[in-house]
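Using my numbering, read the sequence shown as starting at 7 and increasing by one per residue. Structure record follows, encoded as structure tokens.
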Amino acid sequence: MCIVKITVNIEQRQKMESYMHKKINVAILLISICLVFIFIYVEHTNSKRKENALRYYNQIIPIITLADVLDADLEYSDNYGNKGILKGRKGNLTRRVSDDIMDYITKQNNHMYEYRIIESESILKYIGNFNNNMKNIRISRSDMKDGCIVKKTISEGEGLGEFHECNDLSALIDYMSSKTADGEYFIEVLDVIGVNGSDILGRIVYILGDGTEKVMYENDTLNLAMLFKDNSR
């Protein structure tokens, strides 16, 4: 009797151990599956966070670039009432905003800022210079004979369509945020201005009010910053 009872107890213990072992394996499997799903979810969330941040950064590039060129101050704000000013003359605004976006991607900051150029009298003067330069500057091949020279406005050469004056900062931002058929922002196209939308050096003149030409450069290109200077003098 004792031998039978001992044998039964051993078999029961073995069955119990086998059952517990199976339960542990199932638990480990379930935990592993949960961890995989958590990892996938976190990776997806981080990926979406990065994607949204980079998409937003691409949208605000014209404003930030324009602020840099104009030496303007930027106001930043969020939905929680936090706001401040980035001084345009004390550093690179593009770099500062890039840092803000990176802080959001890496979760050092839980929200992205909205940015607004702070208007000033100097900005209005720059806009006037921009309008005059877009209307009066002509670029042509410097190596062509007089009879073959085709002088084009900046808009004609860069393929930006007919230029209409920007009457205020809002109109200027809208213009710079417009896109070409290839998906480039106008402000990106105007970064380097050469002959026929290229970086080829050309003869650059400014048509004065009396119709005479002021030669700006015999063989050079323009950049975005030069469009906001008074080139009539």
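Where a beta carbon is used, it is the ideal one built from N, C-alpha and C, also for glycine. Remember, predicted model here, so these are calculated numbers, not experimental data.
Residue i burial status per 10 Å Cβ neighbour count (16 or more: buried)
i      : result
Gly217 : exposed
Asp74  : buried
Leu80  : buried
Val78  : According to the sequence displayed, residue 78 carries Ala and not Val. Buried, since its Cβ has 16 or more Cβ neighbours within 10 Å.
Ile123 : buried
Gly208 : buried
Leu214 : exposed
Gly189 : exposed
Gly90  : exposed
Contact under 7 Å by Cβ, residue i with residue j
i      : j      : result
Ile70  : Thr100 : yes
Leu166 : Cys172 : no
Met140 : Ile160 : yes
Ser148 : Asn225 : yes
Tyr212 : Ile143 : yes
Lys235 : Asn135 : yes
Cutoff 7 Å: residue i Cβ touching any chain C Cβ
i      : result
Asp236 : No chain C is present in this structure, which holds just one protein chain.
DSSP three-state assignment for residue i, whether helix, strand or coil
i      : result
Met118 : coil
Ile145 : strand
Leu60  : helix
Gly134 : helix
Leu92  : strand
Lys113 : coil
Lys185 : strand
Val156 : coil
Ser128 : helix
Leu207 : coil
Ala177 : helix
Ile225 : Just to set this straight, residue 225 is Asn in the shown sequence, not Ile. In this structure, Asn225 counts as strand in the three-state DSSP scheme.
Glu168 : coil
6 Å Cβ shell around residue i - same chain, five flanking residues per side excluded
i      : result
Ile210 : Ile145, Met222, Tyr223
Glu120 : Ser83
Lys157 : Arg144, Ser146
Phe169 : Met140, Ser161
Leu72  : Met182
Val103 : Ile70
Leu228 : Ile199
Tyr110 : Ala59, Met118
Same chain only: Cβ atoms within 8 Å of residue i, ignoring 5 sequence neighbours per side
i      : result
Ile107 : Ala59, Leu60, Tyr62, Tyr63, Met118
Gly203 : Gly163, Glu164, Gly165, Val195
Val201 : Ile145, Ser146, Arg147, Gly163, Leu207, Gly208
Nearest-angstrom beta carbon gap, residue j and residue i [assumed within contact, 8 Å]
i      : j      : result
Ile206 : Leu230 : The Cβ separation is near 17 Å, so there is no contact.
Ile133 : Glu164 : Wrong, their Cβ atoms sit about 19 Å apart, outside the cutoff.
Leu175 : Ile129 : 6 Å
Spatial neighbours of residue i in its chain, beta-carbon cut-off 7 Å, leaving aside the 5 residues before and after
i      : result
Asn137 : Glu171, Cys172
Val195 : Glu164, Leu166, Thr186
Arg239 : none
Pro68  : Ile179, Met182, Ser183, Tyr191, Ile193
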